[in-house]
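J.:
There are 2 protein chains.
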Amino acid sequence: MNAHELPILLDRASELPLAAQLATALRRAILGGILQHDEALPSTRALATSVRVSRGTVVAAYDQLAGEGYLLARPGSATRVMVERHDAVPAPAARNPTSAASAAARPPRPVTPPPLIDLAPGHPSTRTLVDPAWTAAWRAAVAASGRSDSPPSSGTIDLRTAIADHVRRARGLACRPDDVIVTAGTSDALATIGLAVAALAGGADGSEAGTHSARIAVEDPGYPTARRVLRRVGALLLPVRTDSDGIDLAELAALTPAPHAVLVTPSHQYPLGSSLSVQSRLDLLGWARAADAVVIEDDYDSEFRFETMPLPAVATLDRSGRVALVGSFSKTVTPWIRCGYIVASGDLGEALRAVRHDLDATVSGVQQAALAHYLASGGLARNVTRVRREYAHRRALVIGALGALPGVRLAGLDGGLHVVVHIDLPGGADASALVAQAAERGVRVASLADYAVLDRGQHGLVLGYGAPTDLELARALAVLAELLAAPSTH
Amino acid sequence: MNAHELPILLDRASELPLAAQLATALRRAILGGILQHDEALPSTRALATSVRVSRGTVVAAYDQLAGEGYLLARPGSATRVMVERHDAVPAPAARNPTSAASAAARPPRPVTPPPLIDLAPGHPSTRTLVDPAWTAAWRAAVAASGRSDSPPSSGTIDLRTAIADHVRRARGLACRPDDVIVTAGTSDALATIGLAVAALAGGADGSEAGTHSARIAVEDPGYPTARRVLRRVGALLLPVRTDSDGIDLAELAALTPAPHAVLVTPSHQYPLGSSLSVQSRLDLLGWARAADAVVIEDDYDSEFRFETMPLPAVATLDRSGRVALVGSFSKTVTPWIRCGYIVASGDLGEALRAVRHDLDATVSGVQQAALAHYLASGGLARNVTRVRREYAHRRALVIGALGALPGVRLAGLDGGLHVVVHIDLPGGADASALVAQAAERGVRVASLADYAVLDRGQHGLVLGYGAPTDLELARALAVLAELLAAPSTH
Chain P
6 MNAHELPILL
16 DRASELPLAA
26 QLATALRRAI
36 LGGILQHDEA
46 LPSTRALATS
56 VRVSRGTVVA
66 AYDQLAGEGY
76 LLARPGSATR
86 VMVERHDAVP
96 APAARNPTSA
106 ASAAARPPRP
116 VTPPPLIDLA
126 PGHPSTRTLV
136 DPAWTAAWRA
146 AVAASGRSDS
156 PPSSGTIDLR
166 TAIADHVRRA
176 RGLACRPDDV
186 IVTAGTSDAL
196 ATIGLAVAAL
206 AGGADGSEAG
216 THSARIAVED
226 PGYPTARRVL
236 RRVGALLLPV
246 RTDSDGIDLA
256 ELAALTPAPH
266 AVLVTPSHQY
276 PLGSSLSVQS
286 RLDLLGWARA
296 ADAVVIEDDY
306 DSEFRFETMP
316 LPAVATLDRS
326 GRVALVGSFS
336 KTVTPWIRCG
346 YIVASGDLGE
356 ALRAVRHDLD
366 ATVSGVQQAA
376 LAHYLASGGL
386 ARNVTRVRRE
396 YAHRRALVIG
406 ALGALPGVRL
416 AGLDGGLHVV
426 VHIDLPGGAD
436 ASALVAQAAE
446 RGVRVASLAD
456 YAVLDRGQHG
466 LVLGYGAPTD
476 LELARALAVL
486 AELLAAPSTH
Chain H
6 MNAHELPILL
16 DRASELPLAA
26 QLATALRRAI
36 LGGILQHDEA
46 LPSTRALATS
56 VRVSRGTVVA
66 AYDQLAGEGY
76 LLARPGSATR
86 VMVERHDAVP
96 APAARNPTSA
106 ASAAARPPRP
116 VTPPPLIDLA
126 PGHPSTRTLV
136 DPAWTAAWRA
146 AVAASGRSDS
156 PPSSGTIDLR
166 TAIADHVRRA
176 RGLACRPDDV
186 IVTAGTSDAL
196 ATIGLAVAAL
206 AGGADGSEAG
216 THSARIAVED
226 PGYPTARRVL
236 RRVGALLLPV
246 RTDSDGIDLA
256 ELAALTPAPH
266 AVLVTPSHQY
276 PLGSSLSVQS
286 RLDLLGWARA
296 ADAVVIEDDY
306 DSEFRFETMP
316 LPAVATLDRS
326 GRVALVGSFS
336 KTVTPWIRCG
346 YIVASGDLGE
356 ALRAVRHDLD
366 ATVSGVQQAA
376 LAHYLASGGL
386 ARNVTRVRRE
396 YAHRRALVIG
406 ALGALPGVRL
416 AGLDGGLHVV
426 VHIDLPGGAD
436 ASALVAQAAE
446 RGVRVASLAD
456 YAVLDRGQHG
466 LVLGYGAPTD
476 LELARALAVL
486 AELLAAPSTH
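Chains as they are written, first to last, in the numbering used here: chain P, 6 to 495; chain H, 6 to 495.
(1) Alpha carbon to alpha carbon, what distance is there between V338(P) and V371(P)?
(2) I think L281(P) touches P271(P), with their Cβ atoms under 8 Å apart; what is that distance to the nearest whole Å?
(3) Please report how far the alpha carbon of A169(P) lies from the alpha carbon of V185(P), in whole angstroms.
(4) Do T390(H) and A189(P) count as a contact pair if the criterion is CB distance below 7 Å?
(5) Specify the secondary structure class of A45(H) as computed by DSSP and reduced to three states.
(6) Is any beta-carbon of chain H found at less than 7 Å from that of Q463(P)?
(7) Closer than 7 Å, CB to CB, is S192(H) near chain P or not?
(8) I'd like the span of the beta strand (DSSP E) that includes S577(P), first residue to last.
(9) Excluding five sequence neighbours on each side, which residues of the same chain lie with their C-beta closer than 8 Å to the C-beta of W341(H)?
(10) Between A443(P), R394(P), G199(P), A444(P), which lies nearest to G420(P) when the distance is taken from Cα to Cα?
(11) If you count every other CB in all the chains shown that lies within 10 Å of the CB of H128(H), and 16 or more means buried, which is it?
(12) Taking Cβ positions, are L121(P) and G447(P) nearer each other than 7 Å?
(13) Counting only beta-carbon separations shorter than 7 Å, does Q373(H) have a partner in chain P?
(14) May I ask you to list the residues that DSSP assigns as paired with A222(P)?
(15) What's the call for D16(P), buried or exposed, on a 16-neighbour Cβ count within 10 Å?
(16) Put T188(P) into one of helix, strand or coil per three-state DSSP.
(17) Would the beta-carbon of V299(H) fall within 7 Å of that of V202(H)?
(18) Taking R324(P) as the reference, give the member of L410(P), S307(P), A349(P), S333(P) with the closest Cα.
(19) Does the beta carbon of R343(H) sit closer than 7 Å to a beta carbon anywhere in chain P?
(20) Whole angstroms are fine: how far does the CA of A24(H) sit from the CA of I301(H)?
(21) Which whole-angstrom value describes the C-beta separation of G251(H) and Q274(H), a residue pair presumed to lie in contact below a C-beta threshold of 8 Å?
(22) Spell out whether any CB of chain P is found under 7 Å from the CB atom of S155(H).
(23) Using DSSP's beta-bridge definition, name the partner residues of D297(H).
(24) Using a C-beta cutoff of 7 Å, does G211(H) count as contacting chain P?
(25) Rounded to the nearest angstrom, what separates A491(H) and R294(H) at their Cα positions?
(26) Considering only residues of the stretch 364-398 of chain H, which uninterrupted alpha helix (DSSP H) runs meet the minimum length of 4 residues and lie entirely inside it, listed in chain order?
(27) Does the stretch 397-410 of chain P come close enough to the stretch 467-480 of chain P that 3 or more CB-CB pairs lie under 8 Å?
(28) Between the alpha carbons of A356(P) and R232(H), how many angstroms are there, rounded?
(29) What residues from the stretch 163-180 of chain H come within 8 Å of chain P, judged by C-beta to C-beta, listed N to C?
(30) For chain H, is any of its Cβ atoms less than 7 Å away from the one on G227(P)?
(31) By the criterion of Cβ-Cβ separation under 8 Å, what are the contact partners of R237(H) in chain C?
(32) Using a Cβ cut-off of 7 Å (strictly closer), state whether A109(P) contacts chain H.
(33) Within the same chain, show all residues whose beta-carbon is closer than 7 Å to that of L459(H), passing over the 5 residues directly before and after it, in chain order.
(34) Would you mind sorting S307(P) into buried or exposed? The rule is 16 or more other CB atoms within 10 Å of its CB.
(35) Taking 7 Å as the CB-CB limit, is S104(H) close to chain P?
(36) What is the DSSP secondary structure of R17(H), counted as helix, strand or coil?
This is how it looks when you write it as structure tokens:
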């Protein structure tokens with residue numbers, strides 16, 4: 006489409022920056038069908054001339070829309086419209102919960118179900134990932150791949166150095182490359198830690214057959230995958246009540262005998278989204294010292310904060326070497342690459358390295374080299390900046406669609422890629438009926454109950470907003486708003 | 006160097022092919038210092054014209070020498086000499102074991118030790134790996150890496166399909182992609198199997214804390230890394246005497262209670278190099294059926310055979326779904342990529358997939374896609390052909406240098422990347438003194454004792470010839486020949 010054919014009217018007297026106004030106009034043109042799927046946009050130069058703004062303003066607007074998933078920008082070719090209007094965005098239903106009209110007015114279910122929109126948590130946006138920094142990193146790694154050795158069992162020195170730098174900058178934790186262990190993602194990290202805790206618990210060097218079970222306390226509700234991994238490597242799990250203040254330290258301290266380790270998500274509790282206060286972090290460390298226990302700090306999502314700075318990692322408060330910090334590149338890069346790390350020092354670090362030595366390296370040397378390049382070149386930092394902006398926009402869409410519904414409370418909004426929707430439900434009911442109704446209408450969401458070991462009366466939905474496009478998210482939110490407003494559900 | 010300056014004389018009446026004669030002449034020119042390190046060779050066209058052979062003959066000779074590590078051929082630039090003569094190849098010492106002259110005549114140890122030549126087994130040649138097929142495979146994989154999901158826990162369908170094809174072609178085992186589980190190399194495969202055997206042994210679904218130890222019989226001598234991995238995931242290991250006929254089936258059958266599994270290397274026993282007869286394979290399966298045990302078949306090195314075709318994998322003889330075949334790309338591609346697989350069906354396959362599901366995928370989706378491309382495009386098959394030729398040449402060097410020494414017997418020559426040097430040693434002595442003497446002179450070799458759990462009187466060295474260049478190997482063999490001939494060692 007030619008630049009002058011686009012319906013763009015800018016208000017130069019407005020307080021809204023011109024780039025934001027331009028982005029809004031383009032978003033409307035796409036949603037209104039004026040710009041169609043796969044259509045090429047005008048060059049930044051042509052559009053800048055046509056609407057009389059600087060070229061930088063157009064670049065900023067395109068960049069914003071690419072970040073939001075509306076546009077696809079590729080070096081050396083025209084920027085194109087990425088979203089496709091499968092059907093119109095459903096109009097939000099009447100929000101009056103006392104009226105039965107909304108349910109009655111619902112159109113009959115179509116014969117072919119609409120394409121599934123997946124709001125299951127844990128999937129990041131990767132639309133901006135394949136950029137020149139990413140491909141250059143892999144090219145260098147592949148060129149150097151003709152090697153006849155395995156990567157070191159704890160990871161290459163290049164990647165461990167890059168991760169130590171990253172953790173220092175992103176989380177304020179001063180650590181040496183020798184404190185870093187490269188793993189095939191968070192699950193591989195937790196398997197390593199589970200086996201190391203078992204070895205420490207047995208007081209053995211691991212050479213005896215595993216008769217010692219590690220007793221590991223976990224948050225409830227918590228991360229089901231973590232429970233699966235730890236159980237599979239022989240751990241006995243002890244679920245501890247967890248709410249919007251984080252793990253219940255009194256319940257943890259009352260466990261007899263004391264567990265050998267506790268797995269926590271202090272920066273953004275999974276799934277509740279709460280953050281553990283600094284006092285609780287210090288108390289947790291105090292308990293760990295007294296109980297001679299290991300603190301496993303799963304630091305997932307700490308890169309994505311919208312309102313407040315993240316609290317320092319528990320590991321930064323630790324003076325006794327009892328914290329194993331776990332991080333991964335699943336959210337900041339892509340879960341497709343299966344790469345993460347553990348940071349730990351002292352005896353705990355030694356025990357972890359012994360496990361890794363016994364089990365051998367799991368992460369391809371090619372991938373380690375590529376990731377080391379990507380981190381060292383600043384590619385990761387730039388990608389995090391891009392997706393953070395994208396998530397902030399999506400989060401605003403969620404608040405706009407669901408934030409004002411009666412009987413609904415949003416939580417975990419300060420960070421991450423997902424939000425918890427607490428719902429007032431009639432006594433005893435959980436959110437499974439709502440999950441099933443959403444699925445019937447083509448929207449996959451998770452129930453808070455899926456994360457719990459014991460039913461502690463916390464009901465609601467968990468919505469991931471990382472992976473869908475804005476249009477998909479808007480469609481899904483309209484469906485959910487309608488269901489949450491309907492009297493049949495609550 | 007110009008083509009006509011090279012000292013090449015071809016005997017057109019000889020039965021030796023012209024390409025082989027040309028390769029020999031060029032090898033001599035390099036070893037004799039006529040062609041120096043990094044020097045460009047004439048183009049294939051110029052040399053063909055100069056010595057009056059077809060260009061294809063020159064290409065074949067260059068290809069052979071590149072495979073042997075003498076030359077480096079890169080698309081779009083001149084072929085160059087790759088080897089560097091750090092010093093002259095030491096002259097073989099007097100081989101008369103009754104003379105003390107050789108030890109006395111040994112020059113004083115140099116102040117700076119010579120660069121270490123590593124003949125530790127397990128390192129393949131990767132000089133020919135980074136070719137256009139390899140880089141194209143990765144380029145395609147990286148271009149498709151912007152995904153927000155993890156790879157499936159058992160591997161991508163593309164890679165499982167390519168592996169099923171590969172196993173069918175290379176090992177004659179008819180298997181479906183659904184029978185394939187992708188792992189981060191052999192160690193990750195063995196950890197998966199160890200945990201699955203424990204779950205099957207306990208009759209549990211793995212949800213209980215690991216109180217059941219899997220009892221697993223292993224070959225002795227055998228693969229130390231396998232023992233380390235299996236022990237670390239809680240298995241109790243039962244070493245079974247193994248010799249040039251393979252594992253002692255009578256000793257295996259006498260174990261009470263019967264083990265839950267046995268780990269064997271039937272195609273090329275590690276480290277002894279022997280092959281299990283077809284009758285023994287059938288007997289092993291009969292025992293497994295009677296004992297309700299799993300056979301773990303580590304099929305390493307089966308691609309590299311020099312004299313006879315490999316026997317069919319035990320898995321091909323199995324009708325009861327009790328064999329888990331383990332393979333890896335560490336030798337056929339490079340251990341740098343940490344990628345392997347398990348092939349298993351039925352209940353065993355289900356138990357393995359359940360473990361992988363619990364532990365999550367360990368292999369990067371980028372790498373899985375790259376490897377799937379590389380296998381499907383025929384890149385792997387071509388690389389195996391190239392390195393097989395290289396290994397056959399090196400194996401001839403080993404036989405030439407050590408095969409005729411008194412008191413020395415070479416074994417395991419029919420396949421693989423390593424050879425066992427059995428030595429008659431005075432009663433009670435093992436080969437550790439010899440290993441230490443070799444190390445002092447800059448050659449790293451392994452002792453057969455390093456592979457054994459119990460001392461069963463098998464003494465000798467294990468030499469890997471995959472990774473060193475021909476020149477390095479020749480130097481190292483000269484050192485070893487001198488040590489083996491000296492009366493101080495035996």
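Note that the Cβ used here is the ideal one computed from N, Cα and C, for glycine as well.
Model, not experiment: these values are computed from the prediction.
T.: Considering the structure as presented:
(1) 16 Å
(2) 4 Å
(3) 7 Å
(4) no
(5) strand
(6) no
(7) yes
(8) Residue 577(P) lies beyond the residue range present for chain P, which begins at 6 and ends at 495; the question has no answer from this structure.
(9) T131
(10) R394(P)
(11) buried
(12) yes
(13) no
(14) L243(P), V267(P)
(15) exposed
(16) strand
(17) yes
(18) A349(P)
(19) yes
(20) 44 Å
(21) 6 Å
(22) yes
(23) Bridge partners of D297(H): none, in fact.
(24) Residue placement at G211(H) is poorly supported in this model, since its pLDDT is 42, which falls under 50; the coordinates still yield a value, given next. For G211(H), the answer is yes, since a Cβ of chain P falls inside 7 Å of its Cβ.
(25) 51 Å
(26) 370-381
(27) yes
(28) 18 Å
(29) none
(30) no
(31) Absent from the structure: chain C. Protein chains present are P and H.
(32) Low confidence applies here, because A109(P) scores a pLDDT of 42, under 50, leaving its location unreliable; read the following figure in that light. So no, A109(P) is outside the interface.
(33) D225, P244
(34) buried
(35) Model confidence at S104(H) stands at a pLDDT of 39, short of 50, so the residue's coordinates are unreliable and nothing is read from them.
(36) coil
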